[in-house]
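Read through the structure below, which is laid out as structure tokens, and then see the notes.
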Amino acid sequence: MLKLRIRIKGSKLHYSIPLWGKLPYALIVAVVVYGLFLDWEAPLLPIIFGTLSLIGLLYRESWVFDNERRTITGLFGIGPLVKRQVVSYDEVSMLQITHFLRGTMNDEAQEKDSKRKGRKKPIICFSAKLRSDEEVKIEIIEESKSAGRTEQAARAIGAFTNLDYQADREPESGPRMNVTDLPKSGIFR
375 MLKLRIRIKG SKLHYSIPLW GKLPYALIVA VVVYGLFLDW EAPLLPIIFG
425 TLSLIGLLYR ESWVFDNERR TITGLFGIGP LVKRQVVSYD EVSMLQITHF
475 LRGTMNDEAQ EKDSKRKGRK KPIICFSAKL RSDEEVKIEI IEESKSAGRT
525 EQAARAIGAF TNLDYQADRE PESGPRMNVT DLPKSGIFR
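Right, dumping it as structure tokens:
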């Protein structure tokens, strides 16, 4: 899972995958290409890893919030196959954060998921709600992987663009605990 980060350039805010996030993919591609130069009869597995890493390296996901043009531009795809989505600020009623459990968006999903064993993972959805009651999904990520960064980014983007921001609940920001905070009784003695 590649996490999106905020960069501000003039009147534009970029919410995209940072270049350092693609570094592991670039290293794997470089090692595989180097190995192919050393031995042209390479096994199939490194070629598969190299191809998948090249796809990861060429993957692009970027949201540009342009205050000058008053537009939100979404770019996502692989290499030259990029889908572009442009939404005007005038079409956006609010930026919103919604929390849900995976598989609980509708009744059919709940029925399918009730047969599955295991815990349902909490998910965060950052989206732009349009005046036409449609939603443009900006980021969908597991709550544990987000660690509050998605909510912070949504608030920062809302402040930067002067668009309304709404969250269905406040992020959980209780005190952090570690092993030293546990009581010194029972099995912890």
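In my numbering, the protein residues as written are 375 to 563.
Idealized CB from N, CA, C, for every residue including glycine.
Residue i, buried or exposed, once every other Cβ within 10 Å from all chains shown has been counted against 16
i	result
L387	buried
S506	exposed
E544	exposed
G522	exposed
E482	Because E482 sits at a pLDDT of 46, beneath the cut-off of 50, its placement in the model cannot be relied upon, and the following sentence gives the value as read from the coordinates. Exposed, since its Cβ has fewer than 16 Cβ neighbours within 10 Å.
S520	buried
A528	buried
L378	buried
I422	exposed
P454	exposed
Nearest neighbour of residue i, chosen from the options [CA to CA]
i	options	result
D542	D507, I497, E508 and A530	I497
I452	I421, L428 and R444	L428
T425	H473, L401 and I446	L401
V461	S518, E508 and L475	E508
D440	I382, R493 and Q540	I382
M468	L455, P454, L475 and I446	I446
CB of residue i within 7 angstroms of CB of residue j, strictly
i	j	result
E513	F500	yes
S385	E465	no
K503	Q470	yes
Y399	W437	no
L431	K457	no
Q459	G477	no
P420	V403	no
E435	I380	no
Q) Can you list the beta strand (DSSP E) stretches of 3 or more residues lying completely in the segment 395 to 451, in chain order? A) 433 to 440
Q) Any contact of the segment 402 to 412 with the segment 532 to 539, i.e. 3+ C-beta pairs under 8 angstroms? A) no
(Q) Could you tell me which whole beta strand (DSSP E) segments of length 3 or greater appear in the segment 484 to 528? (A) 496 to 504 and 509 to 516
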